[in-house]
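Novice:
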Amino acid sequence: MNTLILKTTSRFLFTLLLLLSVFLLLRGHNEPGGGFIGALVAVGAYALFALAHGLAAARKLLPLAPLRLVGWGLLVALLSALPALLLGQPLMTGQWFSLLGVKVGTPVIFDIGVYLTVFGALLSAIFGLEEAAHHPSEGA
Amino acid sequence: MVVASIVAFLGALTAPWLHRWLGNVAGWVLALLPLGLAVYFASLLPSVVEGQTLRHSLAWVPSLGVNFSFYLDGLSLLFALLITGIGAFIVIYSGGYLKGHPDLGRFYLVILLFMASMLGLVLADNVVTLFVMWELTSITSYLLIGFNHSEFRSRRAATQALLVTAGGGLALLAGLILLALMGGSLEISELLGQGQLLREHPLYLPALILVLLGAFTKSAQFPFHFWLPNAMEAPTPVSAYLHSATMVKAGVYLLARLQPALGGSEAWSSALMVFGLATLLTGATLTFRHTDLKRLLAYSTVAALGALVFLIGLVPLTDYYAAMGFATFLLAHSLYKGGLFMAAGAVDHEAGTRDITQLGGLFRVMPLTGVAVVLAALSLAGLPPVLGFIGKEVLYVAALQAAPAWMVGLAVLGFAVGAMLALLLVVPFFRGQPPQEVHEGPPSLWLGPLVLAGLGLLLGFFPGLYNPLADAVASAVKGKAVAYHLKLWPGFNLALLLSLLTVLLGVGLYFLYPRLQAWMAQEPIPGPENTYVALLRGLMRLAAGAERLLQSGSLRAYLVWTFGGLVGLVGLALFRSGVLLWPAGASSPKLEQALLLALMLLGAIGALRLRSHLAMVVVLGIVGAGVALVFLLQNAPDLSITQFLVETLTAILIALVLLQIRDIGSVPRGRWLDKAVALGFGGLVTLLMLGVLAQPIELHLSQFFAQKSLPEGFGRNIVNVILVDFRGLDTFGEITVVGLAGLGVWALLQRRQRKERP
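Here the protein sequences come in this chain order: A and B. Counted from 1, the first sequence has number 75 at position 75 by full-length UniProt numbering; the numbering is strictly sequential. Counted from 1, the second sequence has number 336 at position 336 by full-length UniProt numbering; the numbering is strictly sequential.
1. Report all residues from its chain with a CB closer than 8 Å to the CB of valine 630 (chain B); omit the five preceding and five following residues, and keep chain order.
2. Mind listing which residues of the region 106 to 129 of chain A have their C-beta closer than 8 Å to chain B's C-betas, in chain order?
3. Helix, strand or coil for histidine 349 (chain B) per DSSP?
4. What is the DSSP secondary structure of glycine 105 (chain A), counted as helix, strand or coil?
5. Report all residues from its chain with a CB closer than 8 Å to the CB of alanine 140 (chain A); omit the five preceding and five following residues, and keep chain order.
6. Run the CB neighbour count on arginine 257 (chain B), radius 10 Å, all protein chains shown included, and call it buried at 16 or more, exposed below.
7. Going straight from the alpha carbon of methionine 342 (chain B) to that of proline 83 (chain A), what length do you get?
8. Could you work out which residue in A:Glu130, A:Gly28, A:Leu48, A:Glu31 is closest to threonine 15 (chain A) when comparing CA atoms only?
9. For glutamate 350 (chain B), count neighbouring Cβ atoms within 10 angstroms of its own Cβ and tell me buried if that reaches 16, exposed if not.
10. Could you have a look at residue 791 (chain B) and say whether DSSP puts it in helix, strand or coil?
11. Less than 8 Å between the CB atoms is what I'm expecting for leucine 179 (chain B) and leucine 191 (chain B), so what's the real figure, rounded?
12. Given this structure, state the Cα-to-Cα distance separating phenylalanine 97 (chain A) from phenylalanine 714 (chain B), to the nearest angstrom.
13. So for glycine 139 (chain A), helix, strand or coil by DSSP?
14. Is the beta carbon of leucine 317 (chain B) closer than 7 Å to that of serine 265 (chain B)?
15. Note the first and the last residue of the continuous beta strand (DSSP E) segment covering arginine 55 (chain B).
16. Using a Cβ-Cβ cut-off of 7 Å, state whether histidine 53 (chain A) counts as contacting chain B.
17. Which runs of the alpha helix (DSSP H) spanning at least 4 residues fall entirely within the region 364 to 408 of chain B, listed in chain order?
18. Quick one, are the C-beta atoms of threonine 502 (chain B) and valine 412 (chain B) less than 7 Å apart?
19. Can you pull the chain A residues whose beta carbon is under 8 Å from the beta carbon of glycine 728 (chain B), in chain order?
20. I want to verify the contact list: residues of chain B whose CB lies under 9 Å from the CB of leucine 67 (chain A), in sequence order.
21. Can you name the residues of chain B whose CB is closer than 7 Å to the CB of lysine 7 (chain A)?
22. Would you report the Cα separation of proline 758 (chain B) and leucine 749 (chain B), rounded to the nearest angstrom?
23. Might you give, ordered along the chain, the residues of its own chain that have their beta carbon closer than 7 Å to the beta carbon of threonine 217 (chain B), omitting 5 neighbours on each side?
24. Under 7 Å between the Cβ atoms of leucine 455 (chain B) and leucine 297 (chain B)?
25. With 7 Å set as the bound, which would you pick, yes or no: does the beta-carbon of histidine 134 (chain A) sit closer than that to a beta-carbon of chain C?
26. Could you work out which residue in A:Phe12, A:Gly28, A:Thr106, A:Ala39 is closest to proline 66 (chain A) when comparing CA atoms only?
27. Entirely within the region 224 to 274 of chain B and at least 3 residues each: give me those beta strand (DSSP E) ranges in chain order.
28. Can you give me, in chain order, the residues of the region 13 to 25 of chain A that have a beta carbon less than 9 Å from any beta carbon in chain B?
29. Does serine 137 (chain A) pass the burial test, meaning 16 or more other C-beta atoms within 10 Å, or should it be called exposed?
30. Ends of the alpha helix (DSSP H) at phenylalanine 644 (chain B)?
31. From glycine 665 (chain B) to valine 657 (chain B), what distance separates their C-alpha atoms?
32. Residues in its own chain within less than 6 Å of phenylalanine 23 (chain A) by CB, not counting five upstream and five downstream?
33. To the nearest angstrom, report how far apart glycine 283 (chain B) and serine 300 (chain B) are at their CA atoms.
34. Which full runs of the beta strand (DSSP E) of 3+ residues lie inside the region 688 to 751 of chain B, going along the chain?
35. So, at 6 Å on beta carbons, what are the nonlocal neighbours of glycine 571 (chain B) in its own chain, with the 5 sequence-adjacent residues on each side left out?
36. Here's the rule I'm using: 16 or more other beta-carbon atoms within 10 Å means buried, otherwise exposed. How should isoleucine 525 (chain B) be labelled?
The structure is reproduced here in structure tokens:
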């Protein structure tokens, strides 16, 4: 899409939305937000950027292919469930500790896993569809 | 024991790597795993023989009473020794038999995994552990039968074996759960003491039938016997191990294990005796149709399994002969049949054919295999001085004691066919000329048969060596202490006379065999396999019909089926439950709520009137955003944010999908069915909500989460704490589904693009 306004604003919006998404993710335990919502905002950010600057530019802003993020997300979520087992408690029992004065716990890590998985899966679908939209096939 | 079981599984996993490093000697090295386990189990012999039982337990799901618990008594010890002992020779044998096969590493892996599962099965005390191991043997057996997976026949035989045994496995699961509910424990060792209670329970008969279904399918009892001969498509080491010595005996093992709990009723004894005898005769009769060594042995295995089941049925009716006969015949059969199968494979490997009419003069060129075959055949025929003779003698005594005369007669007939088969197997070694360039195979091919057949001879001469363990086995089957003196020469009695008759009949049948074989092999005999084929074909036809009806490929049709079905079923339930109520005390909406509703209504009506798909998506967004605003007005910010975001991304996704579809045109007019379904669904949800509101609201859970969220979950956002903590496992499942869906979309798009750019 070739609109100057969208191209200009999307750069700011992209950054803002991503910040908002991380903000939502981290504050989710106490205030409205969380991994799922945060991931949706981030997907929105990338979808907007891809709309304004093209798919290739949006892909460049991503360190990993979206599907790989799904794998990492699931792994992170799984790992967050394990410490409890090592301590002899039932799987997924939350473990909390303080890091530089900030309260951190395995449920927060689990939420990061949720974030990565949802983000990766949805973005992979959107990128895939957008790519296909630029090469429309004959049959379908 | 727990450790032994884990070692078996872990050891199996190293097989492919060991094979890659060690090449041709891998078989000998890998055999150390079963051999080591065999030595371990042998070291437990003294304490088990003294009547001790060992029990080890590892908590698995303690809240449900599910444990990794293992139990060792005479019966499980005999099986464990057979599995590990014969397993060692099988692994060595596989190395020679499948030398140079590209998938040999995988073969080692699966056969050792099978061994570990089978070991777990016979040691398991908890019915859940037992069932898991039971299914694992079915699955590994499937992989082993279908090892030559490029052959259609192998794949078909493998599928057949899996469907029959796993189908029976489902029945077994139901039966075991019934037993556990009746006896109030999941541990078999605790159920064994409750025979009286179980037999008088009203659910006894259903439980019995289900357990028998599981055991009969696994152990190839009539009318499920057909899968076993077909499974001979497997490589010979598999036939020798799974389909003679171990897996097919799992059903027999289960029956023997549960005998003290389930046995003692009329139904138990008659079912086992009738089906066992029918299996014995079916196996014996079908022997006449074949000349292929492995098929002959397979039908003889079917017959022997029938004999074992028959014996278990006799156990409650005799004092100790049947239990003792079971203990002896079981070991004798495993030794001679395992040996014969391996020898048959060696002959096939060296001479290139398994057809007994083509083979001759083998003894001169394969003397070691020949000795093994002669010794094993003696056991098969039930002749002195080998263990098979003792086993059959005790069996006859037991049958004479408690079975009706006609049953004894039929059993003699069945065993006579065994004697005939023994002659059929031995003769090609002596009569005729050896084929050109046939010679003895490598040690890996003759060691197993020779040792197994030799053991049969040793124990025949010195039955006292086996006597203590046999007593322990018989005690476990009988459910109380048994002591019996095994003798090679029991003196002249009726059983000996029957043995003599058996052998004479067998020799007579041998001379009739060529004519009977020619006659029997002509016509296909209708059997239960036809039913299996018909059932499978019917299932396929049903699936094809359902696919045509439901999966037409039109998305609209899918939606109509999904939502139409939902409206129909939920509507029916709602109508019958009678909660179609107008909630009492419903307040009239405030101004802002009324305005919001009006906006949403406008959006919905607009969507109905629009002719462009894209515009429709946008207008429907008004409804979605309206819902989000409703959430906000009701103080649910979390839900509201989620709804807004989902609505936005859905619009993007649908728009992208719509871009894919060329020539989409405009939305057609009419489509009254679609409208009716949509209206029905909206109406249903409305009625449901009204019904919910009419009920008193149950706040128990909400209060629980509101109270526990901060002190136990350390979070003030209840929704989030529920998602990532209280219900974390659910969330984990959900994100897995999300991830898989993403993968699915990606795969679908990839496929399309590959089609475009070949």
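We treat Cβ as the ideally placed atom computed from N, Cα and C, and that holds for glycine.
Specialist: Reading off the structure:
1. Gln593, Leu596
2. Pro107, Val108, Phe110, Asp111, Gly113, Val114, Thr117, Val118, Gly120, Ala121, Leu122, Ser124, Ala125, Ile126, Gly128, Leu129
3. DSSP, reduced to helix, strand and coil, places histidine 349 (chain B) within a helical segment of the structure shown.
4. Reduced to three states, the DSSP call for glycine 105 (chain A) is strand.
5. With a pLDDT of only 38 at alanine 140 (chain A), under 50, the local geometry of the prediction cannot be trusted, and no value is derived from it.
6. buried
7. 50 Å
8. A:Leu48
9. buried
10. In the structure as shown, chain B starts at 1 and stops at 758, and residue 791 (chain B) therefore has no counterpart that could be examined.
11. 6 Å
12. 11 Å
13. The predicted position of glycine 139 (chain A) is uncertain, since its pLDDT is 40 and thus under 50; no value can be drawn from it.
14. no
15. Residues 54 to 61.
16. no
17. Correct list: 367 to 381, 387 to 402.
18. Here threonine 502 (chain B) is near valine 412 (chain B), since their CB atoms are less than 7 Å apart.
19. Per Cβ cutoff of 8 Å: Ala81, Met92, Pro107, Phe110.
20. Near leucine 67 (chain A) (Cβ distances below 9 Å), the residues of chain B are Gly739, Gly742, Leu743, Trp746.
21. The premise fails here: lysine 7 (chain A) is roughly 18 Å from chain B at the closest Cβ pair, so nothing lies under 7 Å.
22. Residue placement at proline 758 (chain B) cannot be trusted, given a pLDDT of 47 that sits under 50; the coordinates are not used to answer.
23. Val164, Thr165, Gly167, Gly168, Phe224
24. Cβ distance not < 7 Å, so leucine 455 (chain B) and leucine 297 (chain B) don't count as in contact.
25. Here the protein chains are A and B, and chain C is not one of them.
26. A:Ala39
27. none
28. Residues passing the 9 Å Cβ filter: Leu24.
29. For serine 137 (chain A), the pLDDT reaches just 49, beneath the cut-off of 50, and the residue's location in the model is therefore unreliable, leaving the point undetermined.
30. Note, phenylalanine 644 (chain B): alpha helix (DSSP H), 637 to 660.
31. Rounded to the nearest angstrom, the gap between the Cα atoms of glycine 665 (chain B) and valine 657 (chain B) is 14 Å.
32. Sequence-distant Cβ neighbours of phenylalanine 23 (chain A) in its own chain, meaning closer than 6 Å and more than five residues away, do not exist here.
33. 6 Å
34. none
35. Leu684
36. Classification for isoleucine 525 (chain B): exposed.
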